[in-house]
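*Asks:* Below are the structure tokens for one structure; questions will follow.
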Amino acid sequence: MELYYIQIIIGVSFLAIAGNYLVKGTVNTANFLGVSPYIISSTIVAFCTSAPELFVSVFSSLNKAADAGLGNIMGSNFANVFLALGAAAIILPVRSDGLYLKRDVIFLLAITLLFTVLLLSGIFWKNHTAILFILLLAAYLVYSFRYGKKHPEEVLKSPEIKPYKSLFQMSIGIIGVMLGSILLVAGAKSMAIDFSISATIIGLSILALGTSLPEVVISLIASIKKEYNVAIGNIVGSNIFNVLGIGAATVIADIYDSGGRSGSGYSLTETYPLIVAAVFLLLFSLMKWNYKRPVGIIFVLTYFCWFIALYA
32 MELYYIQIII
42 GVSFLAIAGN
52 YLVKGTVNTA
62 NFLGVSPYII
72 SSTIVAFCTS
82 APELFVSVFS
92 SLNKAADAGL
102 GNIMGSNFAN
112 VFLALGAAAI
122 ILPVRSDGLY
132 LKRDVIFLLA
142 ITLLFTVLLL
152 SGIFWKNHTA
162 ILFILLLAAY
172 LVYSFRYGKK
182 HPEEVLKSPE
192 IKPYKSLFQM
202 SIGIIGVMLG
212 SILLVAGAKS
222 MAIDFSISAT
232 IIGLSILALG
242 TSLPEVVISL
252 IASIKKEYNV
262 AIGNIVGSNI
272 FNVLGIGAAT
282 VIADIYDSGG
292 RSGSGYSLTE
302 TYPLIVAAVF
312 LLLFSLMKWN
322 YKRPVGIIFV
332 LTYFCWFIAL
342 YA
């Protein structure tokens, strides 16, 4: 077996296990804040489950593979909707909560379109793009927590865990995520060279699938526990962080490593996973659909058909 296969397998395993520890520690800490389940899942939990995407995209840019990092963002958002949400719906029907979801999904669609326009126009790889994305992300966080305090819901119930244990879980999670990201990027880059596959395709497929495992796990667990707000909040929040937080980090890392690039090099067909994922979430929130098992099966099959088509 080639070394890169081992690196990818170990890297994905680290991401899945460490991501679980990171989420546990963060949720236990967040419970002391008394914030609603959706707000916690769409901000703190979502950002923690997006940590693999963050580290992978940054390491990709620093290793002169920024295209893989961008592909990771687009592929992860597609996987979060069609794989994570689809898998959760197979377990139990997932329904939307219009109080927070509609607002966040409209925001997600707006920043997705902004991301796409900047990328296609070639303006994406500039300092002001990173600054704009960071400001938008900060505004989203501040507004979410203030809105959550004004509209309190039932706080997530969990056993009382001492703060130091939560911090230990978070630390182990962060270290594991970093190690997993390094291994996954190294393995994926070697595979791309060996098979003459473009970095963008690798990012859209293998990297995106591996880094989306925490979202899949959290959504499945939330669905089993009938915590619908946690399941959908984690997906929406993660997609927002992928576009803004990881988008900004990728730009900064690329500028630091190579001084930035000019031009686009991307077409609309390469960015459609981002747009499709955001549009389906918007329809889900506006029409208040319940995603039942047949829909979940269709979503999961759609994802894997798309995955296979990338290599056709």
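In the numbering used here, the protein residues as written are 32 to 343. A virtual CB, placed ideally from N, CA and C, is assigned to each residue, including glycine.
1) In this structure, what does DSSP give as the bridge partners for arginine 126?
2) Taking its Cβ as the centre, do 16 or more other Cβ atoms sit within 10 Å of valine 173, making it buried, or is it exposed?
3) Just verifying my parser: in three-state terms, what is the DSSP assignment at serine 295?
4) Report, in whole angstroms, the separation of the C-beta atoms of asparagine 111 and serine 254, which I expect to be a contact under 8 Å.
5) Can you grab the Cα-Cα spacing for the pair leucine 163 / leucine 251, in whole Å?
6) Three-state secondary structure (DSSP) at phenylalanine 226?
7) Kindly indicate which three-state DSSP category serine 72 falls into: helix, strand or coil?
8) Using a Cβ-Cβ cutoff of less than 6 Å, which residues in the same chain neighbour glycine 276 once the five nearest sequence positions on both sides are dropped?
9) Between the region 65 to 76 and the region 226 to 237, can you find at least three pairs of beta-carbon atoms closer than 8 Å?
10) Considering only their Cβ atoms, is the gap separating serine 269 from serine 81 smaller than 8 Å?
11) So, with DSSP's three-state summary, where would you put glutamate 33?
12) Please report the Cβ distance between glycine 106 and leucine 235, rounded to the nearest whole angstrom; I am assuming they are in contact, meaning their Cβ atoms lie under 8 Å.
13) Nearest to leucine 34 by alpha carbon, out of Gly218, Cys79, Ser152?
14) Alpha carbon to alpha carbon, how far is leucine 46 from valine 208?
15) Indicate the three-state DSSP secondary structure (helix, strand or coil) for glycine 106 in the structure shown.
16) Rounded to whole angstroms, what's the CA-CA distance from phenylalanine 315 to asparagine 321? Just pull it up for me.
*Replies:* On the basis of the data shown:
1) Asn321
2) exposed
3) Residue placement at serine 295 is flagged as unreliable, the pLDDT there being 49, under the threshold of 50; a coordinate-derived value is accordingly withheld.
4) Their Cβ separation, rounded to whole angstroms, is 14 Å, which puts asparagine 111 and serine 254 out of contact at 8 Å.
5) 33 Å
6) helix
7) helix
8) Leu168
9) no
10) yes
11) coil
12) 4 Å
13) Gly218
14) 5 Å
15) helix
16) 8 Å
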